[in-house]
Every structure is written in structure tokens, then in C-alpha cells.
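Note sheet for the following structure.
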Amino acid sequence: MGLFTRRSTSAVDKAAEKAHKRGDTAYVRTIHAIPGKPDGGPAMAITRIEAAGWKLENQHEDVRIDHGFRQTY
186 MGLFTRRSTS
196 AVDKAAEKAH
206 KRGDTAYVRT
216 IHAIPGKPDG
226 GPAMAITRIE
236 AAGWKLENQH
246 EDVRIDHGFR
256 QTY
């Protein structure tokens, strides 16, 4: 990788993809809130996890916003 090339983020969450291929029945992930982006972090994570084959079933916001969101797929 050269000095002036950017690393692109993967369109698919790799851990979610592995769990889906294994045949797991549920995938749970905690998404940490990003200051200054009220919906940027969770929305991006949902898109990447759904690209791996999961569908969001439940999202729970932690009492402390700095802990983020717990998502169940």
C-alpha cells in the first residue's frame, strides 16, 4: 500500500459474515456512539452487518450514551 492511497473500509462486517456462514441463529453486537454523529455510527454498522446476511431485530440504547447501542440480529 502506497503512502498516498486510502484504506477503504469493508462494505461487510467480517465477524458478522463469519457468524452467518457458521449458521449461528443470532448475532449480538455493541456499537459505540461516535461523538458528533448522532446516527452515523449505528447506521453504518447496521448497513455493514446487514450486508453479511443478517436483519436487525432489536436495538437497545444504553443508559449511558457513551456506551452506545446493543444490537441483536
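Take 186 as the starting number for the sequence shown in our numbering and just add one per residue. C-beta: ideal position from N, C-alpha, C; glycine also. Fair warning: this is a prediction, and the values are worked out from it, not measured in the lab.
DSSP three-state label for histidine 245, please.
Counting from 1 along the sequence shown, the entry for residue 245 is found at position 60. Histidine 245 falls in the strand class under three-state DSSP.
Can you tell me where the alpha helix (DSSP H) holding lysine 199 begins and where it ends?
The sequence position of residue 199 within the sequence shown is 14, counting from 1. Unbroken alpha helix (DSSP H) run through lysine 199: 199-207.
Relative to the C-alpha of alanine 200, which candidate in Ile234, Met229, Glu246 has its C-alpha closest?
Here residue 200 corresponds to residue number 15 of the sequence shown, with the count starting at 1. That would be Ile234, whose Cα lies nearest to the Cα of alanine 200.
Spatial neighbours of alanine 236 within its chain, please: CB distance less than 6 Å, with the 5 preceding and 5 following residues excluded, ordered by chain position.
Reading the sequence shown from its first residue, position 51 is the one you call residue 236. For alanine 236, where only same-chain residues beyond five positions count, the Cβ hits under 6 Å are Ala196, Val197.
Give every residue of the same chain whose Cβ lies closer than 7 Å to the Cβ of glutamate 242, excluding the five residues on either side of it in the sequence, and list them in chain order.
Here residue 242 refers to the residue found at position 57 of the sequence shown. So the qualifying residues of the chain are Thr257, Tyr258.
Expressed to the nearest angstrom, what Euclidean distance is found between the alpha-carbon atoms of threonine 215 and alanine 228?
Taking the sequence shown and counting its residues from 1, the one referred to as residue 215 is at position 30. Taking the sequence shown and counting its residues from 1, the one referred to as residue 228 is at position 43. Answer to the nearest angstrom: the Cα atoms are 13 Å apart.
Buried or exposed: which applies to alanine 230, given that a residue is buried once 16 or more other Cβ atoms fall within 10 Å of its Cβ?
On the sequence shown, position 45 is the one that residue 230 refers to. By the 10 Å Cβ count, alanine 230 comes out buried.
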